[in-house]
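Just below is one structure, and these are the notes that go with it.
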Amino acid sequence: MADLVHSNRSPVTCHLRCGDACFQEVPNTTKTSYFRDVAATALSRRSVLGAAAVTTAGVALSSQPAAAVFRSPISTGQAVTPAAGALEFTPIAPVPNNIDTVTVPAGYRWDPIIRWGDPIFDGAPVFDAANQTAAAQALQFGYNCDYVDVIVTDRKGTRALLVANHEYTNENIMFPPDMDSDELIRTAWAAHGLSVVELRRRSAGSTWTYVPNGARNRRITLDTAFTVDGPAAGSDLLKTAADPSGTRVLGTLNNCAGGTTPWGTVLSGEENFNQYFRAAGTSAQEKRYGLSATGDSRNWRGLDTRFDAVANPNEPHRFGWIVEVDPEDPKSTPVKHTAMGRFKHEGANVIVNGDGKVVAYMGDDERFDYVYRFVSRDTFRPGGRASDRKHNLTLLSHGDLSVARFIGDGLEDGVSDGTGEWLPLTVDGQSVVPGFTTEQVLVFTRLAADVVQPTKMDRPEDVEPNYVNGFIYVACTNNTDRGKVGKEGATEPNPRNANKNGHVVEMQPTGGDHTASTFAWNLILICGDAATAGTYFGGWTGPVSPISCPDNVAFDSVGNLWVSTDGQPGSIGLNDGLFKVPVAGPERGRVQQFLAVPIDAETCGPLIHDKDGSVFVAVQHPGEDGTWAAQSSRFPDYVPSTGTAGPGQFAGPRPSVVQVTRG
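Set out below in C-alpha cells:
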C-alpha cells in the first residue's frame, strides 16, 4: 500500500470542471426577505438531537404519507418502512485522501467494467494514450464518466445497456505536451458527451463485462446532432448563422448527473457549459449564467468560432438543457428539452404521479441557486406497445416549470424543517413571470426564477424521488460563501454560514401528490464529522461515518438512501465515498460508508442493485492534480512507476465505471 500514497488534492478539479466557479463572483445577486434568518450557532448537534427524538422512528412531516412504487404512479396507502436491505456490509473505516485505490467492505471486491479509452466498436484502435487521436477517441469510451445506469434488457438478467455521461476533460494528464493543439481539442470534443455500451455476464449476480462490438454501442460527442423541442424551439434566442432554424444543435457539454425514465430513455444534465465560451460578460443574461471574457481557458474558439460568444452570442443559449437519449436505438436523434428550463443542470429524475402526469425534479448546481420541478402536460402510457413508447417519448416536450421556496418554522422545535411551495414560472405552457415571454422564461430561467423569489440553496445538485416512500431528496453540496459580507447568511433550510460540508433535504409532497403546489421538508443530514458542532444525522445518536459534500443520491430496493460525495479531500481530509443512510425506522440517519474512491477522485453515478448483490459507481477525475510527466494516480491499470504500459494500458489514471460485488 505504501506505493499508493500521494499528496492532497489541488484546485485543478475546480478549474477544469466548472471554470473556477466558486472563485468567481456569485451569479445570483438578488435579495430575498421572505424567510427567517437563522444563526449557524443555533444549530449545534446537541440542540438538534435534544428535540429530535420524537421523530427518529419515522418522518414526522404529515399524518398521511403516500406509498410509491418504482417508476410507476404513486398509489394510496401507508408509507413503506425500509428494512435493512439485501446489501449488508460492515462499514469501512474512513480512507485518508492520499490512497490510490478503491476501498470496499470485507467480503466484497471491485472490478472496472470499462475505462477511458476502451474500444467500443469494430475497428476501434487499442487505447494508446501517447498517440491518441480524435478519430480513435470517437470509437472509445469517453473521459470523466459521471452518471451511470445499467439497464437490464433480458429476463435472465444476463444482458444490459450501460449508459454513462462524460463531463469534462483534463488535457494536462490525458495527452503528451507535444500533441498537436488542434488535434488535442478535437480529441477532447470526442471525449465529452455520453457512451452507450452493451454488457453481458454468465448469470444473474455475476460480474458484468462490456461488449466491444455491441450492436447498440454508441458515442455521443460534440459532433452529434441534437434536436431542440418544446416552446423555445425555433426561438430567435436559439438561432445562429449555422442553424437559422434554432432547432438543431451540435453536441452536448459538461454532462453531469442524470436519470432514467419509465419509458427507458436516459436524461442528462448540461451543467457548467459557460466555461467553454468566451463572451463579453456585460449583459445581465451573461452575468447570471457565469459567461465572461476570461472563462474559456481551453480556447476552443480558436478552432470553432461557435465558442466565441462575442461573435455568436446565441450559441451559449443552446447549452444548459436537459437532454434525452434513447439507448435502445443507436440511430435515434437525442433531444434537448426547452420546456424543462435552462440553467446549470445537475440532472433530472422522473416519477409518475398518481394521475399519470410525469414529474421531473432538478437542481441548479451553483451557490445560492434553486430547486426546480417540471410537470408534464400529458400522461404516461404504461403499455408495452410501440405507440405507447412513441407517446411517452414526447412527455418532456410540453409541461409546466416551477421553482421551490422553502419556509422554515423556526428552530424552537430543535430541527430544521418546515413547509414549502412551488412557485410557477409557466402555467399551461405559458409564462406567468411579469416581464418575461415564455421563450425568455425557458432560455433565461435563472433570471425568471429570481423574479418570484425562491429559496437560495447551497449548491443543490442531485434531486431524486425515492420510489419506496414517495419523498424527494436534495443533495446540497456546500457553500462557503454563505454568510460572507454582502452574501445571504444562514437560513433554516441552509443552516450554516461558511457551509463547507453540505446537507441533504427531505421533501414530502402534500398528500403524496407530486403535482401539488405545496410540500413539507426537513434536513435529514447536516453533514460533517459527528464530533463537530452543527452536524445532524436524522436523529440517530450512535456512531456514524464522517461524510461531507453530498453530491449524488440513489436508493436501494427497500428505500434506503445512498449518498456519494464530491469534495471530502478538501473539507475533512478523506477520500470521497459512497454512504448508506436509512430514511425510516430506528436507524434513520445512521450513515455507514460502503466504499471510497482513489486519490483526487469523485464518487459519481451511484447505482444500487442490492437484490443482485452489486453496486456501481463512476470513478471520476482520479489523479486530477498530476501531469503527463508526473502522474499522481495509476488507477485502475496500476502500471508500476518503473514499468512499461502494455497494449491498452496507461501508466496514469483512467476514469472508469466500477462494479462492486460479493467475492
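Letter by letter, the sequence shown follows residues 4 to 666 in the numbering used here. Each residue gets a CB set at the ideal place from its N, CA and C atoms; glycine is no exception.
Item to check | Beta-bridge pairing of THR429 - partner residues as DSSP gives them | outcome: What you label residue 429 is simply residue 426 of the sequence shown in a count that begins at 1. Note: THR429 sits in a beta bridge opposite SER434.
Item to check | CA-to-CA distance, ALA260 to ASP157, given in whole angstroms | outcome: Walking along the sequence shown from the start, residue 157 turns up at place 154. Walking along the sequence shown from the start, residue 260 turns up at place 257. One C-alpha to the other measures close to 26 Å.
Item to check | Residue closest to ASN101, alpha-carbon to alpha-carbon, out of VAL663, TYR150, PRO496 and GLY573 | outcome: Stepping through the sequence shown from its first residue, residue 101 is reached at position 98. Nearest of VAL663, TYR150, PRO496 and GLY573 to ASN101, Cα basis: GLY573.
Item to check | Spatial distance of GLN81 from TYR146 (CA atoms) | outcome: Within the sequence shown, numbered from 1, the residue matching residue 81 stands at position 78. Within the sequence shown, numbered from 1, the residue matching residue 146 stands at position 143. Because the pLDDT at GLN81 is just 37, under 50, the model does not fix this residue reliably, and the point stays unresolved.
Checklist entry - Under three-state DSSP, which class holds ASP6? => result As a first step, residue 6 is located in the sequence shown; it is residue number 3 there, counting from the start. Reliability fails at ASP6, whose pLDDT of 44 lies under 50, so the model's placement of it is uncertain and no value is given.
Checklist entry - Closest by CA to GLU274, which one among GLU349, LEU399, LEU404 and SER300? => result One-based indexing of the sequence shown puts residue 274 at position 271. GLU274 has its Cα closest to that of GLU349, out of GLU349, LEU399, LEU404 and SER300.
Item to check | Per-residue burial, GLN433 [other beta carbons within 10 Å of its own, 16 or more giving buried] | outcome: Within the sequence shown, the letter at position 430 stands for residue 433. The residue in question, GLN433, is exposed, as its Cβ has fewer than 16 Cβ neighbours within 10 Å.
Item to check | Rounded C-alpha distance that separates ASN504 from THR664 | outcome: One-based indexing of the sequence shown puts residue 504 at position 501. One-based indexing of the sequence shown puts residue 664 at position 661. Computed Cα separation, rounded: 29 Å.
Checklist entry - CB-CB under 7 Å to ILE223, same chain, minus the five flanking residues each way: which ones, in chain order? => result Taking the first residue of the sequence shown as position 1, residue 223 is located at position 220. Closer than 7 Å at the Cβ level, and outside the excluded window around ILE223, lie GLY196, LEU197, THR255, VAL328 and PRO337.
Checklist entry - Within 10 angstroms of its Cβ, does GLY411 collect 16 or more other Cβ (buried), or is it exposed? => result The residue labelled residue 411 in the question sits at position 408 within the sequence shown. Looking at its Cβ environment, which holds 16 or more other Cβ atoms inside 10 Å, GLY411 is buried.
Item to check | Cut-off 6 Å between Cβ atoms - residues of its own chain near ALA89, not counting five sequence neighbours on either side | outcome: Here residue 89 refers to the residue found at position 86 when the sequence shown is read from its first residue. The residues are ASP613 and LYS614.
Item to check | Counted within 10 angstroms of its Cβ, other Cβ atoms place LYS34 as buried (16 or more) or exposed | outcome: For this step, residue 34 is matched to residue 31 along the sequence shown. Exposed, by the Cβ-count rule.
Checklist entry - What are the start and end residues of the alpha helix (DSSP H) that includes GLU174? => result Residue 174 sits at position 171 when you count from the first residue of the sequence shown. First-last of the alpha helix (DSSP H) with GLU174: 174-177.
Checklist entry - Going straight from the alpha carbon of VAL57 to that of THR161, what length do you get? => result The count along the sequence shown starts at 1 and reaches residue 57 at position 54. The count along the sequence shown starts at 1 and reaches residue 161 at position 158. Summary for VAL57: the model assigns pLDDT 30, below 50, so the residue's position carries little reliability, and this model does not support an answer.
Item to check | Beta carbon of PRO463 nearer than 8 Å to that of TYR373 | outcome: As a first step, residue 463 must be located in the sequence shown, where it is residue number 460. As a first step, residue 373 must be located in the sequence shown, where it is residue number 370. Yes, these two residues count as a Cβ contact at 8 Å.
Checklist entry - Do ALA452 and VAL406 have their CB atoms nearer than 8 Å? => result Here the question's residue 452 lines up with position 449 in the sequence shown. Here the question's residue 406 lines up with position 403 in the sequence shown. Cβ atoms of ALA452 and VAL406: closer than 8 Å.
Next on the checklist: Using 8 Å for Cβ pairs, my map puts PHE280 next to TRP631. What's the rounded Cβ distance?
Outcome noted: In the sequence shown, residue 280 corresponds to position 277, counting from 1. In the sequence shown, residue 631 corresponds to position 628, counting from 1. Going by Cβ atoms, the distance from PHE280 to TRP631 rounds to 26 Å, so no, they are not a contact pair.
Checklist entry - If you draw a straight line from the alpha carbon of ASN134 to that of TYR641, how long is it in whole angstroms? => result Against the sequence shown, residue 134 aligns to sequence position 131. Against the sequence shown, residue 641 aligns to sequence position 638. Going by the C-alpha atoms only, they are around 20 Å apart.
Item to check | Span separating the alpha-carbon of HIS517 from that of VAL362 | outcome: Residue mapping note: residue 517 aligns to position 514 of the sequence shown, counting from 1. Residue mapping note: residue 362 aligns to position 359 of the sequence shown, counting from 1. Rounded to the nearest angstrom, the two C-alpha atoms are 7 Å apart.
Item to check | Residues bridged to GLN143 [DSSP beta-bridge criterion] | outcome: One-based indexing of the sequence shown puts residue 143 at position 140. Paired residues: PRO122.
Checklist entry - Beta-carbon separation of GLY592 and LEU528 under 8 Å? => result As a first step, residue 592 is located in the sequence shown; it is residue number 589 there, counting from the start. As a first step, residue 528 is located in the sequence shown; it is residue number 525 there, counting from the start. In this structure, LEU528 lies closer than 8 Å to GLY592 by Cβ.
Checklist entry - Rounded to a whole number of angstroms, what is the C-alpha to C-alpha distance between THR341 and GLY262? => result Mapped onto the sequence shown, residue 341 falls at position 338. Mapped onto the sequence shown, residue 262 falls at position 259. So the two alpha carbons sit approximately 17 Å from each other.
Checklist entry - Where do the ends of the beta strand (DSSP E) carrying ALA523 lie? => result Indexing the sequence shown from 1 puts residue 523 at position 520. Segment 521-529, the beta strand (DSSP E) holding ALA523.
Checklist entry - Can you list, in chain order, the residues of its chain whose CB lies under 6 Å from that of LEU450, leaving out five sequence neighbours each side? => result Taking the sequence shown and counting its residues from 1, the one referred to as residue 450 is at position 447. Same-chain partners within the cutoff: ARG291.
Checklist entry - Cβ atoms of ARG118 and ARG657: under 8 Å apart, would you say? => result Working through the sequence shown from its first residue, we reach residue 657 at position 654. Working through the sequence shown from its first residue, we reach residue 118 at position 115. The answer is yes: Cβ separation under 8 Å.
Checklist entry - Could you give the residue range of the alpha helix (DSSP H) that holds PRO553? => result Stepping through the sequence shown from its first residue, residue 553 is reached at position 550. Careful: PRO553 lies outside any alpha helix (DSSP H), inside the beta strand (DSSP E) at 553-558.
Checklist entry - Got a sec? Which residues, its chain only, sit under 6 Å from ASP185 by beta carbon, not counting five neighbours each side? => result Counting from 1 along the sequence shown, the entry for residue 185 is found at position 182. Same-chain partners within the cutoff: LEU306.
Checklist entry - For the ligand FAD, any of its heavy atoms closer than 7 Å to the Cβ of ASP403? => result As for the ligand FAD, it is missing from this structure, which has no ligand bound.
Checklist entry - Which stretch, first to last residue, makes up the alpha helix (DSSP H) that contains ASN395? => result What you label residue 395 is simply residue 392 of the sequence shown in a count that begins at 1. It spans 389-395 - the alpha helix (DSSP H) in which ASN395 sits, taken as one unbroken run.
Item to check | Inter-residue CB distance, MET343 and ILE354 (contact presumed, cutoff 8 Å) | outcome: One-based indexing of the sequence shown puts residue 343 at position 340. One-based indexing of the sequence shown puts residue 354 at position 351. In fact, because the Cβ distance is near 15 Å, the residues do not count as touching under 8 Å.
Checklist entry - For TYR641, which residues does DSSP report across the bridge? => result Here residue 641 refers to the residue found at position 638 when the sequence shown is read from its first residue. TYR641 pairs with nothing; no bridge assigned.
Checklist entry - Excluding the five sequence neighbours on either side, which residues of its own chain have a C-beta within less than 8 Å of the C-beta of GLU467, listed in chain order? => result Residue 467 sits at position 464 when you count from the first residue of the sequence shown. Around GLU467: GLY262, ASN352, TYR364, ILE475, TYR476, VAL556, ALA557 and PHE558.
Checklist entry - To the nearest whole angstrom, what separates the beta carbons of LEU253 and LEU225, a pair I think is in contact under 8 Å? => result For the purposes of this step, residue 253 is identified with residue 250 of the sequence shown, where counting begins at 1. For the purposes of this step, residue 225 is identified with residue 222 of the sequence shown, where counting begins at 1. About 7 Å separates the two Cβ atoms, so the contact holds.
Item to check | Whole-angstrom distance between ALA621 and ALA599, CA atom to CA atom | outcome: Residue mapping note: residue 599 aligns to position 596 of the sequence shown, counting from 1. Residue mapping note: residue 621 aligns to position 618 of the sequence shown, counting from 1. Whole-angstrom Cα-Cα distance: 12 Å.
Checklist entry - Thinking C-beta only, is SER635 closer than 8 Å to GLY626? => result Along the sequence shown, read from residue 1 onward, the residue named residue 626 stands at position 623. Along the sequence shown, read from residue 1 onward, the residue named residue 635 stands at position 632. Contact flag set, yes.
Next on the checklist: In whole angstroms, give me the CA-to-CA distance for LEU165 and GLU201.
Outcome noted: For the purposes of this step, residue 165 is taken as residue 162 along the sequence shown, with counting starting at 1. For the purposes of this step, residue 201 is taken as residue 198 along the sequence shown, with counting starting at 1. Going by the C-alpha atoms only, they are around 6 Å apart.
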